[in-house]
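Structure record follows, encoded as structure tokens.
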Amino acid sequence: MKYFLFTVVLLGGCFTGSAQYKKYVQPTDTAVLNSIARWQDMKFGLFMHWGTYSQWGVVESWSICPEDEGWTQRRGPYADNYFEYVKAYENLQTTFNPVQFNPQKWVNAAKHAGMKYMIFTTKHHDGFSMFDTKETDYKITDSKTPFSKNPKSNVTKEIFTAFRNQGFAIGAYFSKPDWHNKDYWWPYFPPKDRNVNYEPTKYPERWESFKSFTYNQIKELMSEYGKVDILWLDGGWVRPLSTVDTTVEWQRGIKTNQDIDMKRIAEMARSYQPGLLIVDRTVTGPYENYTTPEQEVPHELLPYPWESCITMGNSWSYVPNDEYKSAHRIIQMLIQIVSRGGNLLLNIGPGPNGDWDPVAYARLKEIGEWMKINGEAIHGSKPLAPYESGNIHFTQADDEKTQYAFYLSDKDDVALPAQVTLQKFEAPAKAKISLLGSGAKLKWKVENGNTIIEIPALVKSKWNGKHAVVFKMMR
């Protein structure tokens, strides 16, 4: 069960949408608990949002949602008429032909960067399936889609297989709402917002049909695509009405009971995938095995398993000339997250040609060079009090015999001072302290509860660290 049961005091609000402590329901299935422990050791994962929307370079799915939000704005020649826009959007299926699709390139780059798991959008809210489902013809393998003639047209299977073969844990992102499905957005009524556009209690047969559709698609993913480790469910407004938290602004718009019977889905999924982690995002309960703060790094240690899902660029989906975060920022973000007990799930959106922007490869290459030297302080680690102090962050190995202190630089090249002080931290008595990557063994002392590490002039002049350096302390 490892370390997610430790007791901490949560000092401040740090979860998207709520400033209050988020209650976590611990699983009782031993296989699931073991899966959580293995997942927590991985620390660093790859997320990919990909669909027909990449051809327009627009936000994934949300531009067909009739809500007046910043991320739902329509653009282009059809923007002035909602129904014409949706028709044109759905017609993107007939031009989607990502002929440069080669998942092995992604595997190689992600593995070099030190990533250990991967989550792919098998279906987003727009309902376009990136797998060979039997439930709809709105899918990448349908004859209307040019790429269906490609031997790699079932991209979900190709991606899962390529990553699994290199030892990655596999995650299937799946949207619970489906804005293309006539049993979710019934064409008899225009959609009003992101929610189901009719009252399920008034039309129970239609809702039951949607539940069956959802169940059957998830069953396909769980039974026909090899070993799957994570079922990552998005669209938290599809939930029992009794679970709505009205203190969270976006949940106040949920007025109907959109219960899809998660118990039945979970039992079916785990019958095919024992120990499967299920992430029913934002629906606190037995099917949210870990939580997922979005585009945010929590400010404190959280007392439950969690993962920050964050974009490498500014957008989840492919946008031409997107502004990508620097390797410096990503590495330091990873350190902050890991020292607070979490994982980083970093998103890259493939383009309409089936490949990433070259900048994404460059970022992962640079991250990998850093991880090659310092990854031992990231992978398989757990938090170590005092967790952080100024620009110093702490982790420890699982056996607690080895401890690490990260010294974060404000510039790409690290300029170490003559002394580095670890405030409010005492290194273990008689510990051997070294600087990862340099081979240098360092002298140190404890004064007034602080550890002071001496940095010789020779080390300062001949060793060049990048982004953050790591002091290793072995008992």
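Every number in the working numbering is 42 more than the matching position in the sequence shown, counting from 1. All C-beta atoms in this analysis are idealised placements derived from N, C-alpha and C, irrespective of residue type, glycine included. On a predicted model such as this, the values are computed, not experimentally measured, just so you know.
Which value, in whole angstroms, describes the spacing of the CA atoms of residue i and residue j?
i      : j      : result
Asp455 : Gln337 : 26 Å
Gly383 : Thr285 : 27 Å
Asn123 : Pro233 : 14 Å
Pro428 : Asn492 : 11 Å
Ala460 : Ala499 : 7 Å
Asn139 : Val197 : 12 Å
Tyr366 : Thr203 : 28 Å
Lys508 : Lys199 : 37 Å
Ile272 : Arg116 : 33 Å
Ser357 : Met157 : 20 Å
Ser251 : Asp225 : 7 Å
Asp322 : Lys85  : 20 Å
Glu177 : Ser171 : 10 Å
His166 : Val74  : 26 Å
Glu568 : Ile434 : The structure shown has nothing for residue 568, since the chain only spans 43 to 517.
Thr334 : Leu275 : 11 Å
Asp301 : Ile377 : 38 Å
Met264 : Leu319 : 12 Å
Lys514 : Gly410 : 19 Å
Lys487 : Glu262 : 59 Å
Tyr63  : Asp71  : At Tyr63 the pLDDT is 48, less than 50, meaning the model places this residue with poor confidence; the figure from the coordinates comes in the next sentence. C-alpha separation (whole angstroms): 24 Å.
Starting from residue i, trace the alpha helix (DSSP H) both ways and give me its first and last residue.
i      : result
Met40  : Residue 40 lies beyond the stretch modelled for the chain, which goes from 43 to 517, so this question has no answer here.
Ile161 : Unbroken run through Ile161 is the beta strand (DSSP E), 159-165; no alpha helix (DSSP H).
Ala419 : No alpha helix (DSSP H) holds Ala419; DSSP gives it neither H nor E.
Val74  : 72-84
Ile307 : 304-314
What did DSSP end up calling residue i once you bin it into helix, strand or coil?
i      : result
Arg405 : helix
Phe189 : helix
Phe89  : strand
Glu250 : helix
Leu52  : Confidence in Leu52 is poor, its pLDDT being 30 and thus under 50, which makes the residue's placement too unreliable to answer from.
Asp276 : strand
Trp348 : strand
Tyr245 : coil
Gly391 : coil
Ser217 : strand
Glu336 : strand
Leu263 : helix
Gln62  : Note that Gln62 scores a pLDDT of 42, beneath 50, so its modelled location is shaky and nothing firm can be said.
Leu386 : strand
With a threshold of 8 Å (Cβ to nearest heavy atom), would residue i be considered close to the ligand SAH?
i      : result
Pro193 : Although the ligand SAH was asked about, the structure shown includes no ligands whatsoever.
Could you tell me the boundaries of the beta strand (DSSP E) in which residue i lies?
i      : result
Phe513 : 508-516
Ile201 : Unbroken run through Ile201 is the alpha helix (DSSP H), 197-207; no beta strand (DSSP E).
Val321 : 319-322
Is there a C-beta anywhere in chain B that falls below 9 Å from the one on residue i?
i      : result
Thr164 : This model lacks chain B altogether; it includes just one protein chain.
Check your understanding: Along the chain, which unbroken stretches of the alpha helix (DSSP H) at least 4 residues long are found entirely within the stretch 92-157?
Key -> 124-132, 145-154
Review point. Do three or more CB pairs link the stretch 432-451 to the stretch 410-421 at distances below 8 Å?
Key: yes
Review point. Within the chosen definition, does the stretch 91-102 reach the stretch 374-394 through at least 3 CB pairs nearer than 8 Å?
Key: yes
Point to revise | Residue ranges of each alpha helix (DSSP H) within the stretch 423-506, 4 or longer | key: 499-504
**Study point:** Three-pair Cβ contact test at 8 Å for the stretch 477-485 versus the stretch 502-517
**Key:** yes
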